[in-house]
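*Asks:*
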Amino acid sequence: MAHKSAGRSALARVLAVLETFDQDNSALTVSRISKRSGLPVPTVYRIVAELLEMGLLERGSDRRLHVGVRLWEIASRAPRALGLREAAMPFMEDLHAATRQHTQLYVLEGCDALVIERLSTRSAVTNVTQVGDRQPLHATTGGLVLLAHASLHMQDSFLSAPMRAYTPNTPTDPAELRRILANIRTRGYVVCDGYITPDALGVGTPVYSPSGDVIAALSVVVPRDGAQPMTHVRALRLSSRGITDALGKPQVRHGPQNIRLFPFVNNEQL
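The opening position of the sequence shown corresponds to residue 1 in UniProt numbering, with each subsequent residue numbered one higher.
Structure below.
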């Protein structure tokens with residue numbers, strides 16, 4: 001049988017090696033990379049040696065490999081994420097101060113919601129999300145907001161494929177999801193009650209570009225018990241407008257921004 005790597009370009013093989021690293025596999029051996037990528041061990045050895053030399057991979061004290069800081073440095077320059085994160089951060093900080101839970105910023109990347117920024121605390125409700133994670137469109141606040149404003153072709157393609165149920169509350173029926181997406185477009189927000197973890201509730205709203213296109217999704221994730229979703233909707237909408245306004249202004253990089261959106265730090269005073 002021909003090996004899985006047959007016909008791949010050199011660049012495709014390098015990408016296959018890098019894509020073996022994720023949240024659950026942050027440090028890997030060469031043999032593990034070979035197994036996860038489908039590349040022969042000798043090929044992985046050659047690629048890893050070059051990536052180590054360039055600083056794109058690093059080797060830990062246990063001899064296992066992990067993503068290098070230089071790769072993060074290069075990726076952090078991506079213009080679509082850089083300007084958006086800079087504009088969003090002051091408003092995300094205010095949301096985080098108000099909830100003391102999780103505040104997250106997503107963009108659409110392929111058929112996933114990519115988390116490009118996240119603020120949290122150790123005592124916050126369970127949340128599987130990390131910066132750089134790809135999250136399912138049908139089970140997360142950011143994913144549903146982005147899917148609701150995606151093209152009809154993409155929606156049809158996504159909804160025609162099987163969807164994983166993470167909890168009993170996760171919507172996986174295409175007809176139900178179409179109703180959810182229509183409501184998001186009409187109401188301008190979504191509430192995900194235990195869609196991906198049973199004890200968490202997410203609330204999300206779209207983020208618009210100055211020209212009016214949906215370019216991202218902003219969300220908070222809070223405990224289900226005692227949650228008041230509409231309080232968070234109001235705060236998220238204010239934040240979204242603030243981000244849109246900030247995107248329309250020249251970015252000031254010589255000092256920290258000090259935009260305060262909420263004068264209080266608890267939900268009752270929002």
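Just so you know, even glycine gets a beta-carbon here, dropped at the ideal spot from N, CA and C.
(1) What are the start and end residues of the alpha helix (DSSP H) that includes Val233?
(2) Check whether the region 110-121 touches the region 83-93, counting contact only when three or more Cβ pairs, one atom from each stretch, lie closer than 8 Å.
(3) Between the alpha carbons of Val233 and Pro136, how many angstroms are there, rounded?
(4) With burial defined as no fewer than 16 other Cβ atoms inside 10 Å of the residue's Cβ, what is the status of His153: buried or exposed?
(5) Apply the 10 Å Cβ neighbour rule to Ala182 and answer buried if 16 or more other Cβ atoms are within range, or exposed otherwise.
(6) Would you call Pro168 buried or exposed, if buried means 16 or more other Cβ atoms sit within 10 Å of its Cβ?
(7) Given a threshold of 16 other Cβ atoms within 10 Å of its Cβ, counted over all protein chains shown, does Thr140 qualify as buried or as exposed?
(8) Using the three-state DSSP reduction, which class does Gly194 fall into: helix, strand or coil?
(9) Can you name the residues that DSSP bridges to Leu201?
(10) What whole-angstrom Cβ distance do Thr244 and Val207 have, given they're in contact under 8 Å?
(11) Helix, strand or coil for Ala161? Go by DSSP, reduced to three states.
(12) Should Val17 be labelled buried (16 or more other beta-carbon atoms within 10 Å of its own) or exposed?
(13) Does the distance between the C-beta of Arg8 and the nearest non-hydrogen atom of the ligand PLP fall short of 6 Å?
(14) Please classify Ser239 as buried or exposed, where buried requires at least 16 neighbouring CB atoms within 10 angstroms.
(15) For a test of the three-state rule: what should DSSP assign to Tyr166, helix, strand or coil?
*Replies:* Checking against the coordinates, here is how it stands:
(1) As a position in the sequence shown, residue 233 is number 233, starting the count at 1. Run containing Val233: 229-247, per the alpha helix (DSSP H) assignment.
(2) yes
(3) In the sequence shown, counting from the first residue as 1, residue 233 sits at position 233. In the sequence shown, counting from the first residue as 1, residue 136 sits at position 136. If you take the alpha carbons of Val233 and Pro136, they lie about 21 Å apart.
(4) By one-based count along the sequence shown, residue 153 stands at place 153. Under this definition His153 is an exposed residue.
(5) Taking the sequence shown and counting its residues from 1, the one referred to as residue 182 is at position 182. Burial call: exposed.
(6) Numbered from 1 along the sequence shown, position 168 holds the residue referred to as residue 168. Looking at its Cβ environment, which holds fewer than 16 other Cβ atoms inside 10 Å, Pro168 is exposed.
(7) To locate residue 140, count along the sequence shown from 1; it is residue 140. The residue in question, Thr140, is buried, as its Cβ has 16 or more Cβ neighbours within 10 Å.
(8) Position 194 of the sequence shown, counted from the first residue, corresponds to residue 194. Coil, per DSSP.
(9) Along the sequence shown, read from residue 1 onward, the residue named residue 201 stands at position 201. Asp193, Val222.
(10) In the sequence shown, residue 244 corresponds to position 244, counting from 1. In the sequence shown, residue 207 corresponds to position 207, counting from 1. Indeed they touch by this definition, with Cβ atoms about 7 Å apart.
(11) As a working note, residue 161 is residue 161 in the sequence shown. Of the three classes helix, strand and coil, the one that applies to Ala161 here is coil, per DSSP.
(12) Translated into positions along the sequence shown, residue 17 becomes position 17. Under this definition Val17 is a buried residue.
(13) Only the bare structure without any ligand can be found here, which leaves the ligand PLP out of the picture.
(14) Walking along the sequence shown from the start, residue 239 turns up at place 239. Result: buried.
(15) Here residue 166 refers to the residue found at position 166 of the sequence shown. Of the three classes helix, strand and coil, the one that applies to Tyr166 here is coil, per DSSP.
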